[in-house]
Structures are given as structure tokens and as C-alpha cells.
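Per the numbering used here: the sequence shown ends with 535, consecutive numbering throughout.
Each remark here refers to the structure printed beneath this line.
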Amino acid sequence: MKRYFKYTIVSLCVLCLTSCEKFLERNPYDIMPSDYYHTEEELTAGIIGVYDKLGALYGSTWLYLMGHEADEGYYARANRPLGPQNFNFSASHSYVATVWRNCYEGIYRANFLLENIDKNSDIPRITRNRIRGEALFLRGHYYFVLVQMYGGVPLLLKPTKDGAADMNVPRSTAEDVYAQILDDFKMAEEMVPSITAIGHGGRVSKSAVRGMLARVCLYMAGYPLQIGKPKYEEARYWAGKVIQDAEAGHALNPDFTDVFIKYARDEYDIKESIFEVEFWGNRQDSYTETGTVGFNNGPFCSNPETGNGFGGLKVTAKLYKTYSSGDVRRDWTIANFTYRSSGANGAKTNITTTTESSLYDREPAKWRREYESLLPKTTSATPQNFPLLRYSDILLMYAEADFYASDEQVTTSALEYVNQVRRRAYGKLVDGATNINQYDLPASTDAATFEQEIRDERMREFAFEQMRKADLIRWGIFITEMKKVVNMMDANPPKADNIYSRDRFVNALYPRHLIWPIPSVEITMNSAMVQNPNW
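This is the structure we're talking about:
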């Protein structure tokens, strides 16, 4: 970390000021730090810089080269055997350092803003507190990513002004990091506005904070902290706050596919999409905040009319077989087509083979460039936003937390929230739908079945939204589920072109992959740093 401490205040300000977010526009300022944060515009520029690191974190490699999809899929090339995507890497791998760096740069920007936010008391307090709340939440979010990936990390809560004096900072415990995350989120919840006042999911709202509080508490309840019931109760409370917020009026979009079409078209739906990472532009306009959503994690495509796709991932038969016939999520999440190399936008050839060995050749298709409305389409850069929190997640988190907080009793509320997600999956939330209860879990569902259904619903609903590995780890079943993929491949091997993928799942069958190593550069440069076990 020492090398990141060496950023001066000037360079940090420049980083903040040369960043931008879709929800705000501003002109860059050429002002030294001592003269900065005296106006509302300067505070706005500062918080934009904190948001900017979300794009760096989630905009590219996160989507296909980090292994987050776990048992859902695998990297779609045999020519890159080393890396987190194949659970075959060391502490010196560049991606290990990149995630660390992006998170700490976001934290540094937040800390610098928080220290200077009250320089001018003439700026309305409501404005300062809103920005303060956003900075606190984003700092907490970056720490949440760090503690999931690396375990306990150094807690830096003040700006680093003298790198020479602050080079050697020991790791805090995971418990202490989580406690700080909760503190930051809870303070933010009191300061940020409702999502209806904001009008979109690209900026921190009360709904976003409450939903992420529920997620953090679920993680604290499970492995590795295993706090259990108290945190399940707290997770239920925060998820319930989102569900019960009449002003926000959150609800499922009746059409699952439309959720992702809206991301492609850069349309907001604050009832369903609560918090999302902003990307926009096509690199042929004045904006440079594009990402690779739909390119790296969508189907392969060489047709510029449709929009080029690298096709960085393929799916497992385990994922495909988790869906039932009639679940609209299956053929939207997993491509039942290939894009044609020429022709009109969206030209496809249907896939008809469904043998188990052939399923490994299919690609994720949640993010489809054919629906992008910004023209012309750039080869590898896209304007599609990436979701961090959707309302269906709130419903499933509540159901899970309620189940464990109620001593594994299946309550009416938990059952109803799971069934709402299921009804949408089978097209039964549409006005005029008949037999809306046809696909419900029955009231007689026992505890073991309900627990498995919660886990399977999360897989079906959030496939390739890069939460699967974290879910499996907190449930304590990551190695078990990866082993199931190996067993399925042994019983029905993938086609010859995809057989290389088996190594990925075999590689994952070691406890060290429950947590990433501390980057080698941090171990080398920070004498107080200690490496994670088995790395």
C-alpha cells in the first residue's frame, strides 16, 4: 500500500477533478488544494471523483476475469490459463493489485472530501450533509469490496498527507472493517435523500444504503465471521425498510428482460434498479466514461450493426439445469442463439441442441448490445450501466434473513417474497395474468427445501451479476458447489473445445480461494502487512 500513500494532495485533487459522472456535469478547476472546497461546485466535483472509482472497479475485468461467477460459468478462452478467472494465480498477479488500488483510491478521495467538506459553512448544511452521506457510503462500499476479497485490511479514515510518515500500516481485523462499514452506512442513511428525490439509481439514495446494509449484515452473519442470528435480524430490518418505504414504492419490473434492456438503453427504473454503476458515451462524443458491459460479459458478436462482443464467458450445465422450463430468465440469461456476423441489428441463428455436453458452449446474454440506443456503436466500449442492487435482491435478502432469524422457520412473509420473484420469472406479474400462484412454493415447504430454493433463486435471478462466489462463500459451500461442476463434467464432459474449463473448477477446490492474497507489492513495501494463509 505504501506506493498509494505517496499520492500528494495535489494529485488526489487532480484525480477527483478529472473525473465525471452521468448525473452531473461540471468544468474542471485549476485550483490548488489550499484554495479548494470553498464552493458547492467544488464539493460536487469532489464527490464525482469518489464515484468515479466505481467505474474503474466494475467497468472491465470485474465482469469476466475475477472468478466471481463461480459455478455459473467460466472464462471463454483456453489461451489464458493463469489468473483469478481460472483460480490459478499468485499474490503478484496484476488483477490482485488492481482491485486493491481502485478501492483505496476511492477511499482516499472520500477521506479527503470528508475532511474538507465544512470549509465553507455558508454552503447550505443540507447540501454538505448530502455529499457527506454519499462520501461515507462510498468509502464504506470500497471497504466492503476489500474485506470480501482480502479479509482484514488497513483502515484509513483520514487523508494521507505524508507518505513518509504513514508507510507501514497494519491490517485491521475483518470484524473491525465490517464495524466501520456499518458505521459509515448508518451515518449515510440519515443524510442522503430518497431515490424518488434523485430520480435514478446512479446516485446514493436511502434505498441504496438500506439495501446494502442488509447485504453487509448477511455477509457478517455467514462465513467467515459467522455472527449468525443477530445479523440476520439486522439484515431483515434493513431489507424491510426498503420494502415498506411507501414513498419509494419499489416493485419488480413485470418483465425480467426489460430490466436489462433498460440498462442497454440507458433508461432508469427506480422501482427495480436501486443502485447501479454509471457508464455512458461511445468514445465518439465528448464523454469518456464508457465501460465494457455487454462487450466483455455478453455474447460474442462480430457484427458492428448489432454491436461487437468479445464473449468473455461461457456458462455451465449446472446453471442451465437450475432453471425450469418456462422460466423466462433461462433463455435471457443464457443465450439460445448466436449472433450472425453480418445483417441487421440483432440478426441471430437459434441454438437447438440441449445435450448436457453442448450447454458448456453457451454464453451469458443478460447484457445484449443489440438494444443499445446510442449510435454509432463502438467496438469495445459501451454505455450500459451495471447493477449493484436490484429490488429482487431486497426481496430475496429479506426472505433469507427472516428464515434464519426465525430459527429456520418458513414464515408467510419469507415465502411471499420468494414467490414474488418466482412469479415474475414465469411471467405472472403481467396485468391480466392467470394462475399467478401456479409456480409458487407451497405453504407446506419445509425448511431444507426452502433453504435450497433461496440459494437456487439467487443463482437464477442474479447469474453473472458477479455475486455468486461471495454468496457461496458466506453460505460455507463454495468448494462443495465447485466440486459439483467437476462431477458433472466428469459424467458428461464438455465438447472438446471447452474441456479446458474443467481445470478451472479443479483449481478452485482449495480453501485458499475463499479469500484473495494481499498484493505482493503491499507486502514488500509495507513492513506491517501480513499475508493471508496459504498464499
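Ideal Cβ placement from N, Cα and C applies to all residues, glycine included.
Since this is a predicted model, take the numbers as computed values, not measurements.
Note down the Cα distance separating residue i from residue j, rounded to an integer number of angstroms.
i	j	result
residue 204	residue 275	7 Å
residue 170	residue 271	42 Å
residue 254	residue 523	49 Å
residue 293	residue 57	12 Å
residue 414	residue 479	28 Å
residue 216	residue 527	30 Å
residue 378	residue 257	23 Å
residue 62	residue 466	8 Å
residue 26	residue 447	At residue 26 the pLDDT is 32, less than 50, meaning the model places this residue with poor confidence and gives no usable figure here.
residue 384	residue 431	28 Å
residue 501	residue 298	18 Å
residue 301	residue 345	11 Å
residue 85	residue 68	8 Å
residue 143	residue 406	30 Å
residue 191	residue 139	15 Å
residue 492	residue 364	21 Å
residue 225	residue 499	36 Å
residue 587	residue 38	A query on residue 587 cannot be resolved here, the shown segment of the chain reaching from 1 to 535 and no further.
residue 380	residue 497	25 Å
residue 5	residue 100	Annotation note: pLDDT 26 at residue 5 (below 50); position unreliable, no value reported.
residue 131	residue 182	18 Å
residue 507	residue 78	15 Å
residue 30	residue 116	Per-residue confidence for residue 30 stands at a pLDDT of 36, beneath the threshold of 50, marking its modelled position as unreliable; no derived number is given.
Where does residue i land, buried or exposed, given buried means 16+ other C-beta within 10 angstroms?
i	result
residue 126	exposed
residue 389	buried
residue 325	exposed
residue 273	buried
residue 437	exposed
residue 481	buried
residue 80	exposed
residue 231	buried
residue 487	exposed
residue 393	buried
residue 376	exposed
Just to confirm my understanding: we take residue i, look at its own chain, exclude 5 residues before and 5 after, and list those with CB closer than 7 Å. What are they?
i	result
residue 83	65, 89, 93 and 95
residue 118	128
residue 40	123 and 127
residue 342	303
residue 483	509
residue 277	54, 55, 58, 385, 386 and 388
residue 458	396 and 471
residue 281	287, 288, 289, 290 and 383
residue 233	405
If I measure Cβ to Cβ from residue i and keep anything under 8 Å in the same chain, skipping five residues before and after, which residues do I get?
i	result
residue 194	205, 206, 207, 245, 247 and 248
residue 348	337, 338, 339 and 340
residue 435	428
residue 265	371, 372 and 373
Any heavy atom of the ligand ZN inside 7 Å of the beta-carbon of residue i?
i	result
residue 423	For the ligand ZN, the structure offers nothing, since it holds no ligand at all.
Given a cut-off of 8 Å, decide if residue j and residue i are closer than it, judged by their beta-carbon atoms.
i	j	result
residue 454	residue 403	yes
residue 371	residue 261	yes
residue 515	residue 531	no
residue 238	residue 283	no
residue 73	residue 289	no
residue 263	residue 200	no
residue 464	residue 306	no
residue 536	residue 450	The first residue shown for the chain is 1 and the last is 535, placing residue 536 beyond what the model contains.
residue 120	residue 156	no
residue 177	residue 147	yes
residue 309	residue 60	no
residue 397	residue 251	no
residue 460	residue 329	yes
residue 70	residue 469	yes
residue 360	residue 401	no
residue 327	residue 425	yes
residue 75	residue 313	yes
residue 418	residue 399	yes
residue 97	residue 535	no
Take residue i and list the residues in its own chain whose beta-carbon comes closer than 6 Å to its own, dropping the five residues that flank it on each side.
i	result
residue 513	87
residue 53	102, 105 and 106
residue 456	322
residue 114	135
residue 172	152 and 155
residue 474	219, 222 and 223
Nearest chain C C-beta to residue i closer than 8 Å, yes or no?
i	result
residue 215	Although the question refers to chain C, the structure presented lacks it and comprises just one protein chain.
Complete runs of the alpha helix (DSSP H) confined to the region 310-398 [at least 4 residues]: 317-322, 328-333 and 356-359
Unbroken stretches of the alpha helix (DSSP H), 4 residues or longer, contained in the region 385-472: 391-405, 412-425 and 447-462
Every unbroken alpha helix (DSSP H) within the region 51-132, with a cutoff of 4 residues, ordered by chain: 94-116
Ordered list of beta strand (DSSP E) runs contained in the region 196-232, each at least 3 residues: none
Inside the region 243-278 only - alpha helix (DSSP H) runs reaching at least 4 residues: If we require 4 residues or more, the alpha helix (DSSP H) runs fully inside the region 243-278 come out as 256-265.
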